[in-house]
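Take a look at the structure set out below.
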Amino acid sequence: MSGLEGVVAAETVLSHVDGEAGRLVIRGHDLEGLAGRMSYERALAVLWEGLIDVGKANELPRVIGEARERAFADFTPLFAHAATLDAFSAMRFLMASIGDGGPLAGPAGQVGAMAVAAAAATRLTAGAEPIPPDREAAHAGDLLRMATGQLRSPAEISALDTYLVTVIDHGLNASTFTARVVASTGADYGSAVLAALGALRGPLHGGAPGPVLDMLDAIGSAGNAVPWLEAALDRKERLMGFGHRIYRTRDPRADVLKRALGRMDGRGARLVLAEYVERTALDLLARRKAGRRLDVNVEFYTALLLDGIGLPREAFTPVFACGRVGGWLAHCAEQAADGRLIRPQSRYVGPMPGKAA
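Just so you know, our numbering puts 334 at position 314 of the sequence shown, and the rest follows in order with no gaps.
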């Protein structure tokens, strides 16, 4: 089946995506009961319970903080070369330097290292020096400070924390499935995480938030929204931030992030424009594509949130990886416990030898 739609490739306790109802369940909790209500570290403890042993849940922030500190020390000699790469490639390069069996090879080490790699890559590609982590700081706040070079407001830190929890896991998406396939071979966590990062490189998974801002920049003003959107639909172009392969109604993650945005100070011109574009686009889509429900997805408000807290567009995919890595690692542990190599079959449709022309 094209794209493996409808094929069940794994049984999992980690997340359930109900596309018809617009519902996302994480380890028995609706997303709305986790995101915006607990830190990323606490959400990791919930997701990893019974699968990944990192000691007591209240010790996880300390362990991840120590991992950030160790990662910065290990990555520092590599910064000169990383500065010659784009942000995503620089992050991937730094993560690839982690050796098997070392102090950063385990799940908490991978989480801490990913934050340092993403922040350092963001700084280096902007021509700035990476900023050392604060092992005592909360994970989201330290990531944001390292990436932007500034102490951010509690509301901004809370917004990033909400985002990291919101994207922590989402069924067998492309990167998560990739991680599970690699883990099924008996490979280490680092190899599976690097493979999952590779799946984010393509434009169809993990790279959509930036183009949402490009669309809003191109529209420019509320008065230009209708003609711009109508022209895009006439050209049969996709409206960035609308529609989802799984959800047949509104993406629940979009609502969580929209609420997080609403708790931030002030309402910038871009947010006001975005809300108008959202209403206008939904109206046009309802009339133009009456037989297909297209609603706003997580990428729309991801772009606004990450931009609103001071992150540049080239940091969007690396920061997404900082949230999703927790889910990748949980799926790796779950797959390793299953102990069976993932090996689907294919159907040969090419020519057979020996057939007369």
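Built from N, CA and C at the ideal position, the CB exists for glycine as well.
A quick note: this is a predicted structure, and the numbers were derived from the prediction, not measured.
Check: Suppose contacts are defined by Cβ-Cβ distances below 9 Å. Is Ala137 in contact with Ala91 by that definition?; Outcome: yes
Check: Consult DSSP for Arg379 and reduce its assignment to one of helix, strand or coil.; Outcome: Within the shown structure, residues of the chain are numbered from 21 to 377, placing residue 379 beyond reach of any answer.
Check: Give me the Cβ distance between Gly263 and Leu314, rounded to the nearest whole Å; I'm assuming they're in contact under 8 Å.; Outcome: 4 Å
Check: Output yes or no for whether 9 Å exceeds the beta carbon distance between Arg14 and Leu217.; Outcome: Residue 14 falls outside the range modelled here, since the chain spans only 21 to 377, and no answer is possible.
Check: Kindly indicate which three-state DSSP category Val318 falls into: helix, strand or coil?; Outcome: helix
Check: For the beta strand (DSSP E) that His36 lies in, which residues bound it at each end?; Outcome: 35 to 38
Check: Leu80 and Val74 look like a contact to me (Cβ under 8 Å); what is the Cβ gap, rounded to whole Å?; Outcome: 6 Å
Check: Reducing DSSP to helix, strand and coil, say where Arg43 ends up.; Outcome: strand
Check: Considering His215, what are the terminal residues of the alpha helix (DSSP H) in which it resides?; Outcome: The question names His, but residue 215 is Ala in the sequence shown. Per DSSP, Ala215 belongs to the alpha helix (DSSP H) from 209 to 220.
Check: Among the candidates Ala199, Gly288, Pro231, Ala306, whose CA atom is the shortest distance from the CA of Glu250?; Outcome: Ala306
Check: Closest by CA to Ala203, which one among Arg360, Val27, Leu277, Val45?; Outcome: Arg360
Check: Helix, strand or coil: which one does DSSP assign to Val369?; Outcome: coil
Check: According to the neighbour-count rule (16 or more other Cβ atoms, all chains shown, within 10 Å of its Cβ), is Leu378 buried or exposed?; Outcome: No answer is possible for residue 378: the residues shown for the chain start at 21 and end at 377.
Check: Of all the beta strand (DSSP E) runs that stay within the bounds of the stretch 325 to 357, which reach a length of 3 or more residues?; Outcome: none
Check: Using C-beta distances below 6 Å, list every residue in its chain close to Asp181, excluding the 5 sequence neighbours before and after it, in chain order.; Outcome: Ser59, Tyr60, Ala160
Check: Around the Cβ of Gln355, are there at least 16 other Cβ atoms within 10 angstroms (buried) or fewer (exposed)?; Outcome: buried
Check: Do Leu259 and Leu324 have their CB atoms nearer than 9 Å?; Outcome: no
Check: Taking Ile188 as the reference, give the member of Thr32, Phe336, Leu54, Val246 with the closest Cα.; Outcome: Leu54
Check: Who does Phe262 pair with in a DSSP beta bridge?; Outcome: Val316
Check: What does a CB cutoff of less than 7 Å around Ile118 pick up in its chain, not counting 5 residues either side in sequence?; Outcome: Leu124, Ala125, Ala133, Gly210
Check: Specify the secondary structure class of His49 as computed by DSSP and reduced to three states.; Outcome: strand
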